[in-house]
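Top line first, the protein sequences correspond to chains A and B. Adding 30 to a residue's 1-based position in the first sequence gives its number in the working numbering. Adding 30 to a residue's 1-based position in the second sequence gives its number in the working numbering. Ideal placement from N, C-alpha and C gives every residue a C-beta, glycine not left out. None of these values were measured; they are calculated from a predicted model. For reference, the structure discussed in these notes is given below.
2 protein chains.
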Amino acid sequence: MSPLTAEIVQQDKLREAMERGVTDAELTEIARQIQPADLASFLQDLTRPEALRFLERLEPDLAAEVLTHLDPEHQYHLLDHMDPESARAVMACMPSDAILDVAGAIHPRQTEILLQWLPEEYRRKVRDLMTYPDYTAGSLASVDYVAARETWTVDQTLAHVRKVGPRVEVVSYIYVLDAGGHLVGVVSLRELIVSPGNQLLSEVMNREVITVPASTDQEQTARLVARYDLVALPVVDDVSGRMVGIVTVDDLLDVIEEEATEDIQRLGGTQPLEEPYVRAGFFTLFRKRVGWLLVLLLAEGITATVLRHFEFALMQVVALSFFIPLLIGTAGNAGSQAATLVIRAMAVGEVGPRDYARIILRESWLGLALGSVMAVAGFIRAIMLAQSPLVALTVALALVIVVTISTTIGTILPLIGRRLGADPAVFSAPLITTVADGIGLFVYFEIARRVLGLD
Amino acid sequence: MSPLTAEIVQQDKLREAMERGVTDAELTEIARQIQPADLASFLQDLTRPEALRFLERLEPDLAAEVLTHLDPEHQYHLLDHMDPESARAVMACMPSDAILDVAGAIHPRQTEILLQWLPEEYRRKVRDLMTYPDYTAGSLASVDYVAARETWTVDQTLAHVRKVGPRVEVVSYIYVLDAGGHLVGVVSLRELIVSPGNQLLSEVMNREVITVPASTDQEQTARLVARYDLVALPVVDDVSGRMVGIVTVDDLLDVIEEEATEDIQRLGGTQPLEEPYVRAGFFTLFRKRVGWLLVLLLAEGITATVLRHFEFALMQVVALSFFIPLLIGTAGNAGSQAATLVIRAMAVGEVGPRDYARIILRESWLGLALGSVMAVAGFIRAIMLAQSPLVALTVALALVIVVTISTTIGTILPLIGRRLGADPAVFSAPLITTVADGIGLFVYFEIARRVLGLD
């Protein structure tokens, strides 16, 4: 049975149980056989009062797990409307990074209320994590890890794991901290199991631990985890060096996906959306798009100036204007190809400064090769339509030169942007197309003037 | 110390040790303090004979770990040139998914040689996995997991984990198989540790296991793991239902990144590259780009026909031609925005068929709103340049209509494409721009004819 079919069958079972009027314990029992993520989908199809009632009937640990699969605003809404007793019990079971997400999504005053529901000690840790800005390793960190002291024996540590295990997110690794809260080593659960019970952690732990400062950008953090094939990465405070939490690979899966979405939106000439496209409001979408459209329109204004400059040519050979869209369109496409390839290669960390010269050279030659093919196709098209060999020759020559130039520009602009510290994806395909348009027209008419002898 | 600084310091230490002439055991000792991924970078800066010599001196398990961080061709080259004794020892320590990668990257005849180096039992399992096509869950699977029987006790299972632990990739979960090799349950190492030693696995294991058929697309597999926050996902054979391996979340991190790269390349009008851009050859890049460029050029040919159709208008009011690039450029940008947003939203699974109508409606209204703003800006630009209010009015009216149309087309084309079963990213931004160009010009001149009274 595929996961999706299974989901539907299970939801039916659940719905039927609710209608049948089972006890809370029975309902929890049935719900436990369903993945929390699927319960969350089920919840989203209920009305708000139904959803609340359903959550309150589940045991708090399961309710907490289900909640974490909803978006933060929705989580807060449900917690806020639950009876306070249940809300407190559920919150006590939620992982700290989920609480952090909720806290970050709501009004600061609401955050205060929310945090009051947490146990004292835990509240302090979560408050610490809240000091790290969004999109950093610190903002993704969870405090639900197993910590130990190097003076503990393997048996003591295993006993500790048994005690705190159900509460923490990742137990595959145990982090060994000194009295000041600094990470001094890490030991895997696997190593603990194979080691003699009376051995000290200081003897079995691995002292070479990869950590990230809390201020590290989330995308960089994700690349680190991918590079070193880690399951969880400890996060340390930038100043004190103390361990503040762990980032787990499943959170970074989302980060990589979100960052790619942002890059794609920028490449398409939209400012990145903060919410999923489907849920974004009309005005948000308008605001994120109108800015670039306007900038590009004003930049395109240069093409009108270039064309007026060559008005004499247009008046003498009107057929020249027939091929303007074809010429600048092709140039723009070639430029987009180069730009998206280079921008993506930079985004995934493939391109370093030592590659710049080679890439630019290679793309220029590619531009020339592609431009030559386009020239042949363009010549045939032009001669069929305009029936003037000289106009067709002009189109062909312009295509070679303009495709070469725009491919080169498409390569160079993102590289320059990066040198200047800008996000390379700001050099969207539309921007490169626009720049190429102005240059392309100028080249076209200069060639026309010479080939057709216009003055 | 940041990971990158640490890497440089460690590599210096290693280089110095090699020059000092330490014993093999000492070299391994020093190398063990460095992350395998960093050792792999170090290796890449050595000459081939140096790299071989270095690998042969390391203990096989470490050499194997280092190898897995190189690309498959490079791995094969090194294994092939190592002395056969060492190569065999290293291969015996390599995870099965790495062996699979190497086998997939080389000539079938070489694959046979490679597999001969593996222990008999293991070779059979790897050969089984090789039957699954690329880009499926089966092709990503690893056979290095811990399997157990439901009749085993917790203590027996822990003893088994201690024995096979060092050899397997993930020990956080133990997979319980029946005599026929079917997965009947899963138990986490954490649960094992907290359970009484004489309890049977059948009593502690969880019978609700999420699995994927081996033929599942890798992107879908990654989404499943992300949705259910899994660390590892068991893969079962489509036909027999037997468990064939596990896919781990760190492999899927790479999948999500690769799939995003492919989508970006398609959006930029390039066929997806199979290798990193930086390493792609000139001819490969040419081949992946020339096709779409040519198709788009031929499609743009329609604009030349439209313009010739309106030759009379161009001859009477040459100023009309000044605004052609601005008009179609802006329309193309608006269309690209809509298309990239919709395509990405579909790619990440946000948009379902029930959203289609709402999205199309919303985007049409957005097109109208954006078009109105563009019309004002375009009117001002046109009147400054052409000094003809009627031409400026034509430009403004055309902008409203054309931006609305191209935004709508940019939304609808990817949705239709999906209905027809095509990858939505095939509807690249350049394609939408091209379609919008032809329509845009037609609208522009029809308006001009009416506003300026041309015939």
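Residue span of the beta strand (DSSP E) that contains residue i, given as start and end
i, result
"A:V214", "L213 to S218"
"A:Y175", "Y175 to A178"
Residue i: first and last residue of the uninterrupted alpha helix (DSSP H) it sits in
i, result
"B:M112", "No alpha helix (DSSP H) contains B:M112, which DSSP labels as neither H nor E."
"B:L97", "P90 to L97"
"B:N363", "I354 to A377"
"A:P149", "Careful: A:P149 lies outside any alpha helix (DSSP H) and carries neither H nor E."
"B:F342", "E341 to Q346"
"B:T161", "Run containing B:T161: none; DSSP gives neither H nor E here."
"A:I439", "P419 to R449"
"B:Y474", "A459 to L482"
"A:E80", "R78 to R87"
"A:D385", "Taken as a continuous stretch (DSSP letters only), A:D385 belongs to no alpha helix (DSSP H), as it is neither H nor E."
"B:Q74", "P66 to Q74"
"A:D54", "D54 to A61"
Below-8 Å beta-carbon distance, residue i vs any chain A residue
i, result
"B:N363", "yes"
"B:R192", "yes"
"B:M273", "no"
"B:S366", "yes"
"B:R338", "yes"
"B:F353", "yes"
"B:I442", "no"
"B:G492", "Since the first and last residues shown for chain B are 31 and 485, residue 492 of chain B lies out of range."
"B:G331", "yes"
"B:F312", "yes"
"B:M404", "yes"
Opposing strand residues paired with residue i [DSSP bridges]
i, result
"A:A262", "A:T278"
"B:N236", "B:V216"
"B:P243", "B:V266"
"B:R272", "B:H212"
"A:I204", "A:V176 and A:V217"
"B:L230", "B:T183"
Chain B contact for residue i (CB, 8 Å cutoff)
i, result
"A:W395", "yes"
"A:I294", "yes"
"A:G227", "no"
"A:T464", "yes"
"A:M345", "yes"
"A:Q65", "yes"
"A:Y5", "This structure does not reach residue 5 of chain A, given that chain A is present from 31 up to 485, and the question cannot be answered."
"A:V381", "yes"
"A:E238", "yes"
"A:A178", "no"
Beta-carbon proximity of residue i to residue j, cut-off 8 Å
i, j, result
"B:I276", "B:A262", "yes"
"B:L471", "B:V433", "no"
"A:M273", "A:V266", "yes"
"B:M112", "B:L85", "yes"
"B:A428", "B:I477", "yes"
"A:A133", "A:L100", "no"
"B:Y386", "B:L324", "no"
"B:G331", "B:I439", "no"
"A:S351", "B:L344", "yes"
"A:I240", "A:L213", "no"
"A:G359", "B:D467", "yes"
"A:L57", "A:R87", "yes"
"A:A459", "A:L297", "yes"
"A:V372", "A:T441", "yes"
"B:Y162", "B:S245", "yes"
"B:Y106", "B:A135", "yes"
"B:A81", "B:L108", "yes"
"A:L145", "A:R157", "yes"
"A:L380", "B:V285", "A small fix is needed here, since residue 380 of chain A is Glu in this sequence, not Leu. Contact flag unset, no."
Residue i: CB within 7 Å of a non-hydrogen atom of the ligand GTP
i, result
"B:P114", "Of the ligands one can find in the structure shown there are none, so the ligand GTP has no counterpart to examine."
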